[in-house]
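Q: Right, I'll just put the structure down here and ask away after.
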Ligand code: DSN
């Protein structure tokens, strides 16, 4: 089996080298800082700590308690709120904890459709289905890429769900929570916001702040625009104590047994770093998204929401039917070293044939790229998809562009290698 160990190491090394040469444009991905990454291989990885600091079911948790207490303080400070729980192990697990706390099986919950950009948590085959709640879909304004407020008011008044979820995975513009707030109050519904995509932008002051706009609970993953570890978080402000307690018991024992202590410690570092560097990082991430969208538009690509300035987040969407459709284009780009994903866009005829691709700037910003590099990336798209340059030529140009951008920024220890395989033991076993 030594050969298998060596083989896994080789494959992961190849993966790391590939990403070092590539232009990573997945909107939900990012890079960890060196100080956060180091904690993922600390001894915390080997331990159990069920419960809350000071109320554990295992011995040996004194240092874990200190780290988790600090992590909670940092989360409350970064998001200017009174409640945090850092035990959900992912965004979907955080959503399940909220569903357990706020809903009962059989209830109706307001949300957006998958085809309008919602996360799979809202689907019958996702977290909603697991909790046994049924979606009530908001009306969608495909021109403005956001909820259609007047029609949604009518739907909510007719159906009266007790919980309304806001937040998307194709998240171009803030959601009209402020405008819907009077209707939520009228029908007695609680606002819940899935901030996974925009968490770092909210903290950096670049996106709507759902806790200030009337949502009482926020759930999120912590590794997209917040450049932290793969993990989850719950936030709230001024919650009634019984609701805070329900969220905590939703997290444990509801949907986790142990939480992932190494990731929680890495999250504490990422939150501290975002307090220090997050405003600048969030600003540049959005600036880059708009620059990339503008440059693609100028090269004849059908970038969604051109009349509205393309985006106010880290994400843009491009209709690529003319270039061969979402699936074919995403594959061609990946072969040429540009990593994106195919994406359903409103109006697509079949969910099996997405007409678009989704592009995000969290990672290219994290390695120090700016608007000039966004122009160059748009040029690579044009060369490959409009001008007939070969895959090999574009891959070489992408790798050349990336050569100057392989270290992380906006963190302590900035300038450290970002993609390298961490070779702890050196040789392969024999
Ligand atoms: N699937 C992720 C995304 O790419 O948006 C969210 O969990």
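Residue numbers (the working numbering): 481 to 910. Just so you know, even glycine gets a beta-carbon here, dropped at the ideal spot from N, CA and C.
Within 10 angstroms of the Cβ of residue 525, are there 16 or more other Cβ atoms? Answer buried if so, exposed if not.
A: Per the 10 Å Cβ criterion, exposed.
Q: Hey, is residue 699 close to the ligand DSN, as in C-beta under 7 angstroms from one of its heavy atoms?
A: Checking the Cβ of residue 699 against the ligand DSN gives no.
Q: Measuring straight from C-alpha to C-alpha, what distance separates residue 858 and residue 586?
A: In a straight line, the C-alpha of residue 858 is about 47 angstroms away from that of residue 586.
Q: Residue 485 and residue 908 look like a contact to me (Cβ under 8 angstroms); what is the Cβ gap, rounded to whole Å?
A: Residue 485 to residue 908, Cβ: 7 angstroms. Contact.
Q: Helix, strand or coil for residue 670 per DSSP?
A: The answer is strand: DSSP assigns residue 670 an E or B state.
Q: Flag this pair as touching only if the segment 667–681 and the segment 736–743 have three or more C-beta atom pairs under 8 angstroms; answer yes or no.
A: Contact fails: fewer than three Cβ-Cβ distances are below 8 angstroms.
Q: For the segment 717–726 against the segment 587–605, are there 3 or more C-beta pairs whose distance is under 8 angstroms?
A: Verdict: no, contact absent.
Q: So is residue 517 buried or exposed if we call it buried at 16+ other beta carbons inside 10 Å?
A: Classification of residue 517: buried, given that the 10 Å Cβ count is 16 or more.
Q: Is any non-hydrogen atom of the ligand DSN found closer than 7 angstroms to the C-beta of residue 606, if you look at the structure I gave you?
A: No, the ligand DSN has no heavy atom inside 7 angstroms of this Cβ.
Q: Name, in chain order, the residues that DSSP records as bridge partners for residue 563.
A: Per DSSP, 716.
Q: Could you give the distance in angstroms between the alpha-carbon of residue 809 and the alpha-carbon of residue 803?
A: Going by the C-alpha atoms only, they are around 7 angstroms apart.
Q: Check whether the Cβ of residue 703 sits closer than 7 angstroms to any heavy atom of the ligand DSN, and report yes or no.
A: No, Cβ of residue 703 sits at least 7 angstroms from all heavy atoms of the ligand DSN.
Q: Less than 6 angstroms between C-beta atoms, sequence neighbours within five positions excluded: which residues of the same chain meet that for residue 544?
A: So the qualifying residues of the chain are 529, 741.
Q: If residue 706 and residue 754 are in contact, beta carbons under 8 angstroms, what's the gap, nearest whole angstrom?
A: Confirmed, about 6 angstroms.
Q: Are there three or more Cβ pairs, one per stretch, closer than 8 angstroms when the segment 571–580 is compared with the segment 700–718?
A: Enough Cβ pairs lie closer than 8 angstroms, so yes.
Q: Taking 8 angstroms as the threshold (C-beta atoms), are residue 759 and residue 685 in contact?
A: Yes, the pair counts as a contact, with Cβ atoms nearer than the cut-off.
Q: Might you give, ordered along the chain, the residues of its own chain that have their beta carbon closer than 6 angstroms to the beta carbon of residue 854, omitting 5 neighbours on each side?
A: 768, 771, 772, 775.
Q: Any heavy atom of the ligand DSN closer than 7 angstroms to the CB of residue 571?
A: Yes; taking the cut-off as 7 angstroms, the Cβ of residue 571 has a heavy atom of the ligand DSN nearer than that.
Q: Going by C-alpha to C-alpha distance, which of 583, 899, 555, 672 sits closest to residue 660?
A: Comparing Cα positions, the closest option is 672.
Q: With 16 other CB atoms within 10 Å as the buried threshold, where does residue 570 fall?
A: Classification for residue 570: buried.
Q: Do you know whose CA, among 693, 743, 867, 819, lies nearest residue 551's CA?
A: Measuring from the Cα of residue 551, the nearest candidate turns out to be 743.
Q: Among all residues, which have a Cβ less than 5 angstroms from at least one non-hydrogen atom of the ligand DSN, and in what chain order do they fall?
A: Every residue passing the under-5 angstroms Cβ criterion appears here: 508, 649.
Q: Based on Cα-Cα distance, which residue from 790, 888, 881 lies nearest to residue 840?
A: Comparing Cα positions, the closest option is 790.
Q: Would you check if the segment 492–499 and the segment 824–834 touch, i.e. whether three or more CB-CB distances between them fall below 8 angstroms?
A: No: the two stretches stay apart, fewer than three of their Cβ pairs being nearer than 8 angstroms.
Q: For residue 500, count neighbouring Cβ atoms within 10 angstroms of its own Cβ and tell me buried if that reaches 16, exposed if not.
A: Residue 500 comes out buried.
Q: Please list the terminal residues of the continuous alpha helix (DSSP H) segment that includes residue 510.
A: Unbroken run through residue 510: none, as it is neither H nor E.
Q: Report the start-end ranges of each alpha helix (DSSP H) in the segment 713–762 that is 4 residues or longer and not cut off at the edges.
A: 721–729, all fully within the segment 713–762.
Q: What does the alpha-carbon distance come out to for the pair residue 488 and residue 482?
A: Using only the alpha carbons, I get a separation of about 10 angstroms.
Q: Give the range of the alpha helix (DSSP H) segment to which residue 484 is assigned.
A: Residues 482–501.
Q: Looking at the secondary structure, which residues open and close the beta strand (DSSP E) in which residue 646 lies?
A: Note, residue 646: beta strand (DSSP E), 643–646.
Q: Can you tell me which residues form a DSSP beta bridge with residue 891?
A: Bridge partners of residue 891: none, in fact.
Q: Is it true that the CB of residue 520 sits closer than 8 angstroms to the CB of residue 731?
A: Contact flag unset, no.
Q: State the start and end residues of the unbroken alpha helix (DSSP H) segment that holds residue 580.
A: It spans 571–582 - the alpha helix (DSSP H) in which residue 580 sits, taken as one unbroken run.
Q: Here's the rule I'm using: 16 or more other beta-carbon atoms within 10 Å means buried, otherwise exposed. How should residue 852 be labelled?
A: Exposed, by the Cβ-count rule.
Q: Below 8 angstroms, can you find three or more Cβ-Cβ pairs linking the segment 647–659 to the segment 793–801?
A: Enough Cβ pairs lie closer than 8 angstroms, so yes.
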